[in-house]
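Peer 1: Below is the structure I would like to discuss, written out as C-alpha cells.
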Amino acid sequence: MKLNSPRGTTDIYGEDIDYRNYIINTARRIFEVFNYKEIITPVFEYTGVFSRSIGEGTDIVQKEMYTFQDKKGRSLTLRPEGTASVVRAVVENKSYFKNLPLKLFYIGNMFRYERPQKGRMREFWQIGIESIGADSTLMDTEVIWILNSLFEKLGFKKLVLKINSIGCDKCRKKFLLEFRKYIKPRLSKLCKDCQDRFEKNALRIFDCKKTSCKNIIEEAPSVISYLCPDCKENFEEILDCLKTLDINYRIDNKLVRGFDYYTGTIFEIISDDLKSEQNALGGGGRYNNLIKQLGGPDMAATGFAIGVDRIIMLMKQLNLGIKKQKSKRRIYIIKMDRGCRDYSLNILRYLRDMGIICDINFNSRSLKKEIKWAGDNDYDFVVIIGEDEVRTGSITIKDIEKFKQYKINWKKEKKKIKQIIGA
Ligand code: AMP
C-alpha cells in the first residue's frame, strides 16, 4: 500500500523551512517591539468553541471543520483558525490574563476541509495576533500597523490593504434590513448556498465566490452607508491614524470577511501577483462581542492572522530573498579508521563545546570521497585524523576552498583552531 500524506497536506522541508523560519523570526522580532507575548493553545478544542464564535452559518463551520468524536463521545474539532481558541484560553485562565490590554500572538497549524488548490491547503500555518481589552482606535491602528510592518520587512512592495467597517450590531441590523430588501427580488438568481444564507445569515452572501452572486452583490447597498455616527467617526479616526503612519489602504465597501464574530473595522491584505482566487495573505478586524459570547466579560478586541504557506509561495514567485545571517564556519572531522575513534570524539566534543558547527564521518569512505562530500555539503574545513595524528597528538586542518592545509599540535595549540577557521 502506498502511504502518501493526506490530500491537502504537505511536508515542509529544505528551502521552505528557511523561508518559514525567516518569516517566523521576522514576525517574532516585530511582536517583541510592539510588546506582544506568545500563547500556545491546543490543536483541537471542543467543537462549540468554533461553532459558537465563527458562526453556525459560515462556510467554515458548515462545511470545513475537521470534527470528530473522541472515545467518550465528546465532539472535538481541529482548529480552523486561532482567534476562537485564544479567546477561550483567555476566558478560561482569567486570573492570569487580567492586565489589560492583553497583547498576544500565536503561530500554529490550522485545518479546513476545503477543496485543495494552489495556495489553499487542508492543513496550513498561520501567524496571528490578538489584542484584547482596548476599545480604542489606536489599537485598531496598531494591529494594522503590525501587519503592514511585517510585510514591509519581508520585502513586499505592491500589496494592497483593503479596509472596511461593518459597524456595530445596530448599524448592521439597519443595513441587513435594506440588504434583504435588495436581495429578495433577485433571490432566484443566487446560488443554492446563497439562497440558504439569505434565510439564515444574509451577510454571508458577501463571502460567495460565484460570479453570478458576486455580480448581484456588486450592485447591493454597502454596510458603510448605514454606519451610525459613532461607528463612522471611529472608522474615520482609524483611517486618519493610518495616514499619519503613511500606511496605504484601499477602502473596500464589499469586504465582510467570512466569520460572524467581526464588528467594526475589518481589513485584508491581498496581492495582485497571486493570480489565483486565493490572493489574500492575511486579514483581521475587531470582534467586540466574542469574549462575552464565549462566557467572558464584555470586552473589546481586535486581531489578525496571516497565512505562512501563501507568503512563502509569493516570496518565491517574486524572488524575494531571505536575508541569511553570515553563515558560521563549519568543520567536518574525518576519522580514518576505528583506532582514531576516541581521539576524534574528544576533538569533536571540544569543538562542539566551543560552539563550532562540526560533524564527523559516520560512514567509512576513502579520504578523497569524504573531502568531496564535505565540500558538497557546505563544510568549510575538514579535520583529518589518522594514525599519524593520533600518534603525534596533532590534527590536520584543510581549508576546502583555499586548498590550504595546517597541522597543529592538539595539546599545545588547540586554541589556534579558532584563528584558522576564523570563528
Ligand atoms: P482567514 O483566517 O480565513 O482570515 O485567513 C487568514 C489567512 O490564512 C489567509 O489570508 C491565507 O493567507 C491563510 N489561509 C486561510 N485559509 C487557508 C488555506 N486553506 N490554505 C492556505 N492558507 C490559508
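Under our numbering, the letters of the sequence shown match residues 4 to 426, in that order. The C-beta atom is built at its ideal place from N, Cα and C for all residues, glycine as well. These numbers were taken from a predicted model, which means no experiment stands behind them.
1. Does the separation of the CB atoms of I334 and V393 fall below 9 Å?
2. Measuring from the CB of A87, is there a heavy atom of ligand 1 at a distance below 8 Å?
3. At a cut-off of 8 Å, is L293 close to ligand 1 when judged by its beta-carbon and the heavy atoms of the ligand?
4. With a cut-off of 8 Å, do at least 3 Cβ pairs link the region 243–251 to the region 259–278?
5. Since G111 is in the beta strand (DSSP E), which residue starts that stretch and which ends it?
6. Rounded to a whole number of angstroms, what is the C-alpha to C-alpha distance between C211 and I186?
7. Pull up the DSSP beta-bridge partners for N167, would you.
8. Give the C-beta separation of A308 and Y290 to the nearest angstrom, bearing in mind that I take them to be a contact with Cβ-Cβ under 8 Å.
9. As an exercise, report each continuous beta strand (DSSP E) stretch of at least 3 residues that is fully enclosed by the region 42–106, in chain order.
10. Please find out if some non-hydrogen atom of ligand 1 comes closer than 8 Å to the beta-carbon of D263.
11. Have a look at W148, A223, F209 and S397 and flag the residue whose alpha-carbon is nearest the alpha-carbon of I33.
12. Is L193 closer than 9 Å to F201 when the C-beta atoms are compared?
13. Based on the DSSP secondary-structure assignment, which residues constitute the bridge partners of Q422?
14. What is the rounded straight-line gap between the Cα of K5 and the Cα of T13?
15. What are the complete beta strand (DSSP E) segments, minimum 3 residues, inside the region 112–165?
16. Run through DSSP, which three-state label would G306 get?
17. Nearer than 8 Å: is that true of the beta carbon of L321 relative to any heavy atom of ligand 1?
18. Does ligand 1 have a heavy atom nearer than 8 Å to the CB of G306?
19. May I ask you to check if the CB of L284 is nearer than 8 Å to at least one heavy atom of ligand 1?
20. My parser needs the beta strand (DSSP E) runs of 3 or more residues fully inside the region 203–280; what are they?
21. According to DSSP, what are the bridge partners of K401?
22. Would the beta-carbon of D1 be found less than 8 Å away from any heavy atom of ligand 1?
23. Can you list, in chain order, the residues of its chain with a C-beta nearer than 6 Å to that of G60? Leave out the 5 residues immediately preceding and following it.
24. Nearer than 8 Å: is that true of the beta carbon of G122 relative to any heavy atom of ligand 1?
25. Nearest to N349 by CA position, among I388, Y382 and L317, is which residue?
26. Please return the same chain residues whose Cβ sits closer than 7 Å to the Cβ of E240, not counting the five positions on each side in sequence.
27. Using a Cβ-based criterion (distance less than 8 Å to any ligand heavy atom), does Q281 qualify as near ligand 1?
28. With a threshold of 8 Å (Cβ to nearest heavy atom), would R125 be considered close to ligand 1?
29. Please check the pair I420 and I400, which I expect to be a contact at CB under 8 Å, by giving their CB distance rounded to whole angstroms.
30. Taking only runs of the beta strand (DSSP E) that begin and end inside the region 293–379, which ones reach a length of at least 3 residues, in chain order?
31. Please confirm whether I273 and V163 have their CB atoms less than 9 Å apart.
32. Quick one: what's got a C-beta closer than 8 Å to S8's C-beta in the same chain, skipping five residues either side?
Peer 2: Judging by the given coordinates:
1. Contact: no.
2. Every heavy atom of ligand 1 is 8 Å or more from the Cβ of A87, so no.
3. No - ligand 1 has no heavy atom lying nearer than 8 Å to the Cβ of L293.
4. At 8 Å Cβ cutoff, the stretches do not touch.
5. Start and end: L105 to F114.
6. The straight-line gap from Cα to Cα measures roughly 14 Å.
7. The partner list for N167 (beta bridge, DSSP) reads I269.
8. The beta-carbon distance between A308 and Y290, rounded to whole angstroms, is 12 Å. This is too long to meet the 8 Å contact definition.
9. Taking only runs of at least 3 residues, the beta strand (DSSP E) segments lying wholly in the region 42–106 are 47–49, 70–72 and 78–81.
10. D263: no, Cβ never under 8 Å from ligand 1.
11. Measuring C-alpha to C-alpha distances from I33 to each of W148, A223, F209 and S397 identifies W148 as the nearest.
12. Contact flag set, yes.
13. DSSP output for Q422 lists no bridge partner at all.
14. About 16 Å.
15. List check, beta strand (DSSP E) in window: 126–135.
16. G306 falls in the strand class under three-state DSSP.
17. Shortest gap from the CB of L321 to any heavy atom of ligand 1: 8 Å or more.
18. Result no, Cβ not under 8 Å from ligand 1.
19. Checking every heavy atom of ligand 1 against the Cβ of L284, one is found closer than 8 Å.
20. Qualifying beta strand (DSSP E) stretches, in chain order: 268–274.
21. Paired residue(s): V385 and Q408.
22. As shown, the chain starts at 4 and ends at 426. That puts residue 1 outside it, with no answer to give.
23. By the criterion of a C-beta distance shorter than 6 Å, G60 is surrounded in its chain by K203, N204 and R207, once the five residues flanking it on both sides are discounted.
24. Checking the Cβ of G122 against ligand 1 gives yes.
25. Restricting attention to I388, Y382 and L317, the CA atom closest to the CA of N349 is found in I388.
26. Answer for E240: T140, listed in chain order.
27. A heavy atom of ligand 1 is found nearer than 8 Å to the CB of Q281.
28. Under cutoff, so the answer is yes.
29. About 7 Å; that satisfies the 8 Å criterion.
30. List check, beta strand (DSSP E) in window: 304–310, 333–338 and 360–363.
31. Cβ atoms of I273 and V163: closer than 9 Å.
32. Within the same chain, S8 has close Cβ partners D14.
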